[in-house]
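Participant:
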Amino acid sequence: MIAALALLSACSDDSRSDDGTGESGSDSDTSAGVSESESVGQEGDGDGDGDGDGDGDGDGDGDGDGDGDGDGDGDGDGDGDGDGDGDGDGDGDGDGDGDPPNPLWNSSHLWYSIDDKLIHIEIDTTDGSVVDLVASPIEANPPLLQGQSGITMILNEQNEIDILLTRVNNNSNSTRMHVIHSPTTDGTPVQADEIGVVPDDLLIEALFTDCQGLVYLMDTGVNVSSATGNRLIRFTGDYLAGDLAYEVITDLQNASVADIDDMGPGINMMGEITDGQGFAIDSSNVYDLDYNTGTGTLLGMGGTYGIHALGGPLFDDAIARLYLLDSSANLYEADPGDLSLSPILVTGPPALPNGVAGWSGLTGPLTECESTLPEPQ
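Okay, so the sequence shown: first residue is 1 according to the UniProt record's numbering, each after it adds one.
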């Protein structure tokens, strides 16, 4: 499964004023008077722009940036912070409080899903430990399939969190895509709305969000237990509106990983989050994998189906951290180099009969990064 990630977007309300002044005259004497006044202005300020303020930009406000608002930042909103929203706080959202558009996107936490539950895990920013685990009931009509969850987190155009969710099992012959809009973190019920069915009867095991906010899917091919037909694909349409068209990014049936259960962002040598080079998990085998080529290196064993890396900016010490989820819903922190595991950080709720407590990928927010995956065609 592909764990997520996506980019912050900020609302900008750019209001520009018109500096033009109306001129009228009823006779030639009035016209002559205006002409004479303009001539005097040009000679009086010495900048040659004809507005008389001496700054040379021609808008008459005297700040030299040419937008006519007089604050000198060039965005036309008059508050001087340069973000164009007019509230003076510099964050671009227009509410005047200076905070990020969606605090949840900038907080250290993880998500996974089993049966009729969405599980939220709050991570301590000081040391990467677990603060709390809360399970919210999922309401869906028809009910969600009991099976392996593909899950990823995105930030939509309204700066709101959405969770994308898929489910497949050994009896599946297609994959339905669901969205949970603005999920709660306090245990109150959430609504999973069906977006549609992935075309061509593909079986999707995992979801992933790249540094540009584009959404990828792991096509499991013939079945969920072999690598035959495995491909990394990417949505090309407005998937939230039901357009689930896709393009193939990488053929993975001959990749270093036998059958990818989940994919997450990587952590490079500088400790920065990456998307083209990431972590992949196949039934407890964890790989450092190049998603562009399908080549990778086995790092070790840990977890079962879920993997995700949280970026350094989410923590007080600015160190990125890697997390793994096993089939018993035990969460671990793993060393991204040698995959040594922490003690169990927390254990999630039990599964329903015939289910698996940790039968899910793992996702969380994606800190700012530069994509190395192919540009959309």
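Every residue gets a Cβ at the ideal spot worked out from N, C-alpha and C, and that includes glycine.
Please read these numbers as outputs of a predicted model, since none were measured by experiment.
So the candidates are Gly-302, Thr-185, Gly-337 and Ser-327; which of them puts its Cα closest to the Cα of Pro-350?
Facilitator: Indexing the sequence shown from 1 puts residue 350 at position 350. Pro-350 has its Cα closest to that of Ser-327, out of Gly-302, Thr-185, Gly-337 and Ser-327.
Participant: Could you pull the start and end residues of the beta strand (DSSP E) that Ile-118 belongs to?
Facilitator: Residue mapping note: residue 118 aligns to position 118 of the sequence shown, counting from 1. The identity of residue 118 in the sequence shown is Leu, whereas the question assumes Ile. Element bounds for Leu-118: 117 to 123.
Participant: If you run the structure through DSSP and keep just helix, strand and coil, what is Asn-230?
Facilitator: The sequence position of residue 230 within the sequence shown is 230, counting from 1. The answer is coil: DSSP assigns Asn-230 none of H, G, I, E or B.
Participant: Can you tell me the Cα-Cα spacing of Gln-42 and Ile-161, whole angstroms?
Facilitator: For the purposes of this step, residue 42 is taken as residue 42 along the sequence shown, with counting starting at 1. For the purposes of this step, residue 161 is taken as residue 161 along the sequence shown, with counting starting at 1. Residue placement at Gln-42 cannot be trusted, given a pLDDT of 42 that sits under 50; the coordinates are not used to answer.
Participant: So which of Phe-208, Pro-137, Tyr-246 and Thr-185 has the shortest CA-CA distance to Gly-237?
Facilitator: On the sequence shown, residue 237 is found 237 positions in, with the first residue counted as 1. When only C-alpha atoms are compared, the closest one is Tyr-246.
Participant: Can you list, in chain order, the residues of its chain whose CB lies under 8 Å from that of Leu-240, leaving out five sequence neighbours each side?
Facilitator: The count along the sequence shown starts at 1 and reaches residue 240 at position 240. If we look at Leu-240 and ignore the five residues flanking it on each side, its Cβ neighbours are Asn-156, Asp-162, Val-179 and Ile-195.
Participant: May I ask you to list the residues that DSSP assigns as paired with Pro-183?
Facilitator: Residue numbering aside, residue 183 sits at position 183 when the sequence shown is read from its first letter. The partner list for Pro-183 (beta bridge, DSSP) is empty, contrary to what the question assumes.
Participant: Among Ser-174, Leu-289, Ile-114 and Ile-119, which has the Cα closest to the Cα of Thr-372?
Facilitator: Position 372 of the sequence shown, counted from the start, is the residue given in the question as residue 372. Here the closest residue by C-alpha is Leu-289.
Participant: Specify whether the region 307 to 318 and the region 340 to 355 touch according to this definition: at least 3 beta carbon pairs, one from each stretch, less than 8 Å apart.
Facilitator: Judged by Cβ distances under 8 Å, the region 307 to 318 makes no contact with the region 340 to 355, as fewer than three pairs qualify.
Participant: Return the first residue and the last residue of the beta strand (DSSP E) that Ser-208 is part of.
Facilitator: Numbered from its first residue, the sequence shown carries residue 208 at position 208. Residue 208 is actually Phe in this sequence, not Ser. Where Phe-208 is concerned, the enclosing beta strand (DSSP E) stretches over 204 to 209.
Participant: Just the C-alpha distance for Asp-81 and Val-224, rounded to the nearest angstrom, thanks.
Facilitator: As a working mapping, residue 81 is identified with position 81 in the sequence shown. As a working mapping, residue 224 is identified with position 224 in the sequence shown. Low confidence applies here, because Asp-81 scores a pLDDT of 48, under 50, leaving its location unreliable and the question unanswered by this model.
Participant: Would DSSP call Asn-285 helix, strand or coil?
Facilitator: Mapped onto the sequence shown, residue 285 falls at position 285. Reduced to three states, the DSSP call for Asn-285 is strand.
Participant: Mapping DSSP to helix, strand and coil, what is Ser-360?
Facilitator: Indexing the sequence shown from 1 puts residue 360 at position 360. Strand, per DSSP.
Participant: How many angstroms separate the CA atom of Gly-96 from the CA atom of Pro-103?
Facilitator: As a working mapping, residue 96 is identified with position 96 in the sequence shown. As a working mapping, residue 103 is identified with position 103 in the sequence shown. Note that Gly-96 scores a pLDDT of 49, beneath 50, so its modelled location is shaky; the value from the coordinates is reported in the next line. If you take the alpha carbons of Gly-96 and Pro-103, they lie about 15 Å apart.
Participant: Where do the N-terminal and C-terminal ends of the beta strand (DSSP E) with Gln-148 fall, by residue?
Facilitator: Against the sequence shown, residue 148 aligns to sequence position 148. Residues 148 to 155.
Participant: According to DSSP, is Leu-133 helix, strand or coil?
Facilitator: Position 133 of the sequence shown holds residue 133. If DSSP states are grouped into helix, strand and coil, Leu-133 belongs with the strands.
Participant: Distance, Cα to Cα, Glu-122 vs Arg-234?
Facilitator: Translated into positions along the sequence shown, residue 122 becomes position 122. Translated into positions along the sequence shown, residue 234 becomes position 234. Each residue's alpha carbon lies about 29 Å from the other.
Participant: Tell me the rounded alpha-carbon separation between Ala-357 and Asp-259.
Facilitator: Translated into positions along the sequence shown, residue 357 becomes position 357. Translated into positions along the sequence shown, residue 259 becomes position 259. In a straight line, the C-alpha of Ala-357 is about 20 Å away from that of Asp-259.
Participant: Indicate whether Gly-306 and Leu-322 have their beta-carbon atoms separated by less than 8 Å.
Facilitator: Translated into the one-based positions of the sequence shown, residue 306 becomes position 306. Translated into the one-based positions of the sequence shown, residue 322 becomes position 322. Not closer than 8 Å, so no.
Participant: Could you pull out every residue in the same chain whose Cβ sits closer than 7 Å to the Cβ of Ser-108, ignoring the five residues on either side in sequence?
Facilitator: What you label residue 108 is simply residue 108 of the sequence shown in a count that begins at 1. The residues are Ile-123, Thr-125, Leu-310, Leu-314 and Phe-315.
Participant: For Thr-152 and Thr-363, which I take to be in contact (beta-carbon distance under 8 Å), what is that distance rounded to the nearest angstrom?
Facilitator: Taking the first residue of the sequence shown as position 1, residue 152 is located at position 152. Taking the first residue of the sequence shown as position 1, residue 363 is located at position 363. Confirmed, Cβ separation roughly 5 Å.
Participant: Might you give, ordered along the chain, the residues of its own chain that have their beta carbon closer than 8 Å to the beta carbon of Asp-282, omitting 5 neighbours on each side?
Facilitator: Here residue 282 is taken as the residue at index 282 of the sequence shown, counted from 1. Hits under 8 Å: Val-257, Ala-258, Asp-259, Ile-260 and Asp-261.
Participant: For the candidate residues Glu-333, Pro-142, Leu-145 and Arg-231, whose alpha-carbon lies nearest to that of Leu-207?
Facilitator: Here residue 207 corresponds to residue number 207 of the sequence shown, with the count starting at 1. It is Arg-231.
Participant: Grab the span of the beta strand (DSSP E) containing Gly-333 for me, first residue to last.
Facilitator: Taking the sequence shown and counting its residues from 1, the one referred to as residue 333 is at position 333. Note that residue 333 is Glu in the sequence shown, not Gly. Start and end: 330 to 334.
Participant: Apart from the five residues on each side of it in sequence, which residues of its chain come closer than 8 Å, Cβ to Cβ, to Ser-37?
Facilitator: Numbered from its first residue, the sequence shown carries residue 37 at position 37. Since pLDDT at Ser-37 reaches only 34, below the 50 mark, its modelled position is unreliable, and the value read off the structure follows with that caveat. Here the set comprises nothing.
Participant: Between the beta-carbon of Ser-136 and the beta-carbon of Val-190, is there less than 8 Å?
Facilitator: Mapped onto the sequence shown, residue 136 falls at position 136. Mapped onto the sequence shown, residue 190 falls at position 190. In this structure, Val-190 lies closer than 8 Å to Ser-136 by Cβ.
Participant: Under three-state DSSP, which class holds Gly-306?
Facilitator: Your numbering for residue 306 matches position 306 in the sequence shown. Three-state DSSP puts Gly-306 in a strand.
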